[in-house]
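My numbering numbers the first residue of the sequence shown as 266 and each following residue consecutively.
To start, the structure itself, in structure tokens.
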Amino acid sequence: MTNKLTAQTPLVVASHNQGKIREIRELLAHYGLTVKTATELDLEEPEETGTTFEANAELKAVAAANATGLPALADDSGFAVDGLNGDPGIYSARWAGPDKDFAQAMRNVEEKLQVKGATQANQRTCRFIAVLCLAWPDGETRFFRGEVEGLAVWPPRGDKGFGYDPMFQPEGHSITFGEMDSQQKHGWKPGGDKGLSHRSRAFKLFADACLEG
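Written out as structure tokens, the structure is:
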């Protein structure tokens with residue numbers, strides 16, 4: 266039987282990334298869970314040695330569940346550019362370097378696209394991918410994947426969101442994630458459709474399968 270999370274269930278958000286933590290807290294707010302983060306609990310951040318988003322999300326979620334004895338939710342996500350053969354992909358955070366300089370990471374993406382002569386919109390297609398893993402102390406794990414298609418734009422626009430948001434213009438929209446507030450970016454509410462962002466699409470699947478309320 267699949268475990269369910271209720272309003273009485275403590276949940277660990279297995280992340281030290283403040284942008285991810287903020288968005289996951291916003292998505293969880295409706296459900297009334299008691300949420301603690303890996304940062305608040307002073308959990309070690311496991312090395313992400315996986316070769317897929319699923320593997321890295323599982324590493325983080327299982328480590329937090331084992332360390333705390335509580336269910337843990339982890340997110341592994343990235344920016345995949347078709348013209349760069351899917352890079353930076355699972356290495357999106359690493360492209361920002363040890364200082365997490367995403368302005369430099371975006372410049373790295375643009376410089377590599379320029380080398381390839383990718384100046385037209387049809388040469389700059391890309392997507393954001395998010396995989397959520399929910400791990401329980403009893404060993405059960407569940408995975409939920411969300412993707413959103415778009416274009417890699419230059420120069421970056423907007424100072425909202427985090428990471429590569431300012432250079433990602435989702436399909437069907439004229440502004441970037443960096444120009445959207447959280448409600449626009451998520452585009453989802455409990456009982457609604459799948460949402461806009463990769464994270465909200467993964468969260469919708471997670472909520473339908475694992476949350477009560």
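Note that the Cβ used here is the ideal one computed from N, Cα and C, for glycine as well.
Return the chain-ordered list of same chain residues with a C-beta closer than 7 Å to the C-beta of W360, the five sequence neighbours on each side being excluded. P353, A370, N373
Indicate whether the contact test is met: 3 or more Cβ pairs, each with one atom in the stretch 387 to 400 and one in the stretch 327 to 339, closer than 8 Å. yes
Buried or exposed by the 16-neighbour rule on C-beta atoms within 10 Å, applied to E444: buried
Helix, strand or coil at L378 according to DSSP, with G and I counted as helix: helix
Out of curiosity, what's the CA-to-CA distance linking A326 and L276? 11 Å
Helix, strand or coil at A345 according to DSSP, with G and I counted as helix: strand
Please name the residue or residues paired with C398 in a DSSP beta bridge. A339, F408
Can you tell me where the alpha helix (DSSP H) holding T441 begins and where it ends? Here T441 belongs to no alpha helix (DSSP H), and DSSP marks it neither H nor E.
Close-in-space but distant-in-sequence residues of the same chain around A279 (CB under 6 Å, 5 per side omitted): A303, K325, A326, A329, A337, A339
Please state whether DSSP places A417 in a helix, a strand or coil. strand
Secondary structure of L476, DSSP reduced to three states: strand
Cβ shell of S319 (< 6 Å), same chain only, five flanking positions each side left out: The amino acid occupying residue 319 in the given sequence is Glu; Ser does not appear at that position. Result list for E319: V396, F408, in chain order.
Determine whether the beta carbon atoms of P431 and G415 lie at a separation below 8 Å. no
Kindly list the residues whose CB is nearer than 6 Å to the CB of G362, restricted to its own chain and excluding five residues on each side of it in sequence; keep chain order. none
For the beta strand (DSSP E) containing L293, name the first residue and the last one. First-last for L293: 283 to 293, but that is the alpha helix (DSSP H), not the beta strand (DSSP E).
Can you check DSSP and say which residues form a bridge with V433? For clarity, residue 433 is Phe in the given sequence; the question names Val instead. The partner list for F433 (beta bridge, DSSP) reads A417.
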